[in-house]
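Participant:
Residue numbers (our numbering): 6 to 446.
(1) Using DSSP with H/G/I as helix, E/B as strand and the rest coil, what is residue 418?
(2) Spatial neighbours of residue 384 within its chain, please: C-beta separation below 8 Å, excluding the five flanking residues on both sides.
(3) Return yes when the C-beta of residue 205 is under 7 Å from any heavy atom of the ligand SAH, and no when it is not.
(4) Under three-state DSSP, which class holds residue 58?
(5) Over what stretch of residues does the alpha helix (DSSP H) that includes residue 130 continue unbroken?
(6) Report the start-end ranges of each alpha helix (DSSP H) in the segment 284-311 that is 4 residues or longer and not cut off at the edges.
(7) When the distance is taken between beta carbons, is residue 325 closer than 8 Å to residue 349?
(8) Measuring CA to CA, which of 116, 152, 159 and 203 is closest to residue 367?
(9) Going by other Cβ atoms of all chains shown within 10 Å of its Cβ, with 16 needed for buried, is residue 418 buried or exposed?
(10) Quick one: what's got a C-beta closer than 8 Å to residue 16's C-beta in the same chain, skipping five residues either side?
(11) Determine the extent of the alpha helix (DSSP H) in which residue 200 is found, giving its start and end residues.
(12) Going straight from the alpha carbon of residue 295 to that of residue 87, what length do you get?
(13) Thinking C-beta only, is residue 370 closer than 8 Å to residue 211?
(14) Taking the straight line between their C-alpha atoms, what separation do you get for residue 154 and residue 197?
(15) Round the Cβ separation of residue 182 and residue 149 to the nearest angstrom and send it over; I've been treating them as touching at under 8 Å.
(16) Run through DSSP, which three-state label would residue 151 get?
(17) Considering only their Cβ atoms, is the gap separating residue 396 from residue 30 smaller than 8 Å?
(18) Measuring only the C-alpha atoms, how far is residue 213 from residue 355?
(19) With H, G and I counted as helix, E and B as strand and the rest as coil, what does DSSP make of residue 7?
(20) Enumerate in chain order the residues of its own chain whose CB-to-CB distance from residue 91 is below 8 Å, with the five nearest sequence positions on each side excluded.
(21) Provide the residue span of the alpha helix (DSSP H) that contains residue 31, from first to last.
(22) My output table needs one value for residue 404: the three-state DSSP class, helix, strand or coil.
(23) Straight-line CA distance for residue 36 to residue 232?
(24) In whole angstroms, give me the CA-to-CA distance for residue 73 and residue 219.
(25) By Cβ distance, which residues of its chain are closer than 7 Å to residue 10, with the 5 residues on each side in sequence left out?
(26) Measuring alpha carbon to alpha carbon, tell me which of 393, 413 and 411 ends up nearest residue 102.
(27) In whole angstroms, give me the CA-to-CA distance for residue 136 and residue 339.
(28) Tell me whether the segment 119-131 and the segment 43-58 touch, counting them as touching only if at least three CB pairs, one residue from each stretch, are closer than 8 Å.
(29) Grab me the residues of residue 125's own chain with a C-beta within less than 7 Å of its C-beta, minus the 5 sequence neighbours each way, in chain order.
(30) What is the DSSP secondary structure of residue 24, counted as helix, strand or coil?
(31) State the DSSP-derived secondary structure class of residue 373, mapped to helix, strand or coil.
(32) Taking residue 47 and residue 14 to be in contact with their CB atoms under 8 Å, please state how far apart those CB atoms are, rounded to whole angstroms.
(33) Mind checking residue 411: buried by the 16 CB within 10 Å criterion, or exposed?
(34) Mark residue 283 as exposed unless 16 or more other C-beta atoms lie within 10 angstroms of its C-beta, in which case mark it buried.
(35) Just the Cα atoms here: how many angstroms apart are residue 130 and residue 82?
Following this line, the structure appears as C-alpha cells:
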C-alpha cells in the first residue's frame, strides 16, 4: 500500500512539474527548465523503482528517425572539424533544448494530462499577449515583446499559438461557448501580432488564413471570395493605419536597414558556404569563419554599424546569416542542409499525411506550425531563438505521445536502454563541453 501511495505521489509531482513548466517557461526560461528537468529526473526514478513507465519506439519510430539523423550527423561533425568549445557549447544547448521533448515523450501518463498542459501553455501565451498589448497602447512602444522575451522571440511564440486557434475554430466542432472563448483568444493573438510589429509575422499570418481557406473551402468561387475579402481587409488597414503603411512600404525600401541588411547577410553566408560546401566551417563557427575568410562584404560592414551586430577583434560581423538553410549549409556543408530539410520535411510529410487520413486538427495544427517555422527561417535564424524551437518541439512531442497513447502498444513498458541512452547522452555532451573548455582549448 505504501508503494502504491508513493508511486501515485511521484506521478502527481511529475504532472505538476509539467504544468508549472508550461506556465513559467514563457515568463522565465530558467524557472521553466528547472521544472521540466525535475520531471525528467523523477521519471527516471519512477522507472528504476516501479518499472511502470510506458513507451514503445516501434509505434512512433518513423517520427523519431529524422531526430536521430539530425543529432547524429551534427555529433559526427565534431570529429570532422575537431572538438572545440564553441561547437560543444552549441551542441549542449541543442541537447538541453530537446529535454522537454524527451520528457513529454516518455513520462506523460494519459491524454487528459496533455489537454491540461496545452491549456496551461495557452494561458502562458495569453499573459504575454496582454502584456504586449498594454505595452503598445499604454507605454506607446511601437514594437512590443513578451514579459521576458525580445520582439522576434515573442513573434515566434505567437506563430505557434495562431495555427492551433484557427484550426480549432474552423474544425473543432466545439460548443458555442467554447467557440466564443476561442474567437476571443484569436482576436487577442491577432492584436498581439499587430502590436509586435514584425513584418514577417504579419506575412505568415496572412498566409495561414489563406492556406486554411484552401483546406476547408471546397468551392473555387468561395475560395476566391475569401482570398479577395482578406486582401480587401488588408488593403483597408494599409490605407488607414500609418504604422502598417510605413512597415509595409519599408519592405520595398532599399535604404531600410533591416530590409537591405537581411539580403547582405544572406549573400555573405552563401559565399561562406560556397567556400566550404562539403563539410562547412563547423557548428557555431559562422562568425569567426566569415571573418577569417574575409567574406564580410563592405555593404554588410556599413549596415552592421547601424544594425544588430557583434564585434570580434574590432571588426564588425553579423551574428548569423538570417536564414536557417544557409546557416546549416555554411556550418555543416551539404549534409547540414540535408538534415535540416529532412527533419522539418519529415514533420511536414507525416502530419499532413495524418491529417488527410484522419482529419484531426491536431495534425493540421502541427503541420501549419512547421510551415510557419520554415517561412520564418527564410529571413531569420530560428536556432537563435532557442526558446521558440524548444517550445515547438515540446508541442510536437505532446502530439507524438498522444499517438502512442492511442496505439496498441500503449501498455508496453519502456526499455531501460532508451532512458539510459538519453540520460547518458545528455551527461556526455555536458562533460564534452566542460572538457573542451578547460582541457582542449
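Backbone N, C-alpha and C fix where the C-beta goes; we use that ideal spot for every residue, glycine too.
Facilitator: Let me spell this out:
(1) Within the chain shown, the letter at position 413 stands for residue 418. Strand.
(2) Indexing the chain shown from 1 puts residue 384 at position 379. Here the set comprises 205, 267, 327 and 328.
(3) The ligand content of the structure shown is nil, which means the ligand SAH is not present either.
(4) Your numbering for residue 58 matches position 53 in the chain shown. Three-state result, residue 58: coil.
(5) Numbered from its first residue, the chain shown carries residue 130 at position 125. Unbroken alpha helix (DSSP H) run through residue 130: 116-142.
(6) 291-297 and 303-309
(7) Along the chain shown, one-based indexing puts residue 349 at 344. Along the chain shown, one-based indexing puts residue 325 at 320. No; because the gap between Cβ atoms is not below 8 Å, this pair is not in contact.
(8) Sequence index remark: in the chain shown, residue 367 carries index 362 (1-based). Comparing Cα positions, the closest option is 116.
(9) If you number the chain shown from 1, residue 418 lands on position 413. Exposed is the call here.
(10) As a position in the chain shown, residue 16 is number 11, starting the count at 1. Here the set comprises 51 and 114.
(11) Walking along the chain shown from the start, residue 200 turns up at place 195. Start and end: 181-201.
(12) Here residue 295 refers to the residue found at position 290 when the chain shown is read from its first residue. Here residue 87 refers to the residue found at position 82 when the chain shown is read from its first residue. Rounded to the nearest angstrom, the two C-alpha atoms are 18 Å apart.
(13) Counting from one through the chain shown, the residue named residue 211 turns up at place 206. Counting from one through the chain shown, the residue named residue 370 turns up at place 365. No, the Cβ-Cβ distance between residue 211 and residue 370 is not below 8 Å.
(14) For this step, residue 154 is matched to residue 149 along the chain shown. For this step, residue 197 is matched to residue 192 along the chain shown. Rounded to the nearest angstrom, the two C-alpha atoms are 14 Å apart.
(15) The residue given as residue 182 occupies position 177 in the chain shown. The residue given as residue 149 occupies position 144 in the chain shown. About 30 Å; that fails the 8 Å criterion.
(16) Taking the first residue of the chain shown as position 1, residue 151 is located at position 146. In this structure, residue 151 counts as strand in the three-state DSSP scheme.
(17) Stepping through the chain shown from its first residue, residue 30 is reached at position 25. Stepping through the chain shown from its first residue, residue 396 is reached at position 391. A contact, by the Cβ cut-off of 8 Å.
(18) Here residue 213 is taken as the residue at index 208 of the chain shown, counted from 1. Here residue 355 is taken as the residue at index 350 of the chain shown, counted from 1. For residue 213 and residue 355, the distance between alpha carbons rounds to 19 Å.
(19) Start at 1 with the first residue of the chain shown, and residue 7 comes out as number 2. Note on residue 7: pLDDT 49, under 50, position unreliable in the model; no value is reported.
(20) Start at 1 with the first residue of the chain shown, and residue 91 comes out as number 86. 287, 288, 289, 290 and 293.
(21) Here the question's residue 31 lines up with position 26 in the chain shown. No alpha helix (DSSP H) holds residue 31; DSSP gives it neither H nor E.
(22) As a working mapping, residue 404 is identified with position 399 in the chain shown. Helix, per DSSP.
(23) Residue mapping note: residue 36 aligns to position 31 of the chain shown, counting from 1. Residue mapping note: residue 232 aligns to position 227 of the chain shown, counting from 1. Going by the C-alpha atoms only, they are around 43 Å apart.
(24) As a first step, residue 73 is located in the chain shown; it is residue number 68 there, counting from the start. As a first step, residue 219 is located in the chain shown; it is residue number 214 there, counting from the start. Cα to Cα, residue 73 sits roughly 34 Å from residue 219.
(25) Position 5 of the chain shown, counted from the start, is the residue given in the question as residue 10. So no residue of the chain qualifies.
(26) Residue mapping note: residue 102 aligns to position 97 of the chain shown, counting from 1. It is 393 whose Cα lies nearest to the Cα of residue 102.
(27) For the purposes of this step, residue 136 is identified with residue 131 of the chain shown, where counting begins at 1. For the purposes of this step, residue 339 is identified with residue 334 of the chain shown, where counting begins at 1. Distance between the alpha carbons of residue 136 and residue 339: 42 Å.
(28) no
(29) Taking the chain shown and counting its residues from 1, one reaches residue 125 at position 120. So the qualifying residues of the chain are 24, 27 and 28.
(30) If you number the chain shown from 1, residue 24 lands on position 19. In this structure, residue 24 counts as helix in the three-state DSSP scheme.
(31) Here residue 373 corresponds to residue number 368 of the chain shown, with the count starting at 1. Here residue 373 sits in helix by DSSP.
(32) Sequence index remark: in the chain shown, residue 47 carries index 42 (1-based). Sequence index remark: in the chain shown, residue 14 carries index 9 (1-based). With 8 Å as the limit, residue 47 and residue 14 do not qualify as a contact, their Cβ atoms being about 10 Å apart.
(33) Taking the chain shown and counting its residues from 1, one reaches residue 411 at position 406. Exposed, because fewer than 16 other Cβ atoms sit within 10 Å of the Cβ of residue 411.
(34) Numbered from its first residue, the chain shown carries residue 283 at position 278. Answer is exposed; the Cβ neighbour count stays below 16.
(35) On the chain shown, residue 130 is found 125 positions in, with the first residue counted as 1. On the chain shown, residue 82 is found 77 positions in, with the first residue counted as 1. Computed Cα separation, rounded: 37 Å.
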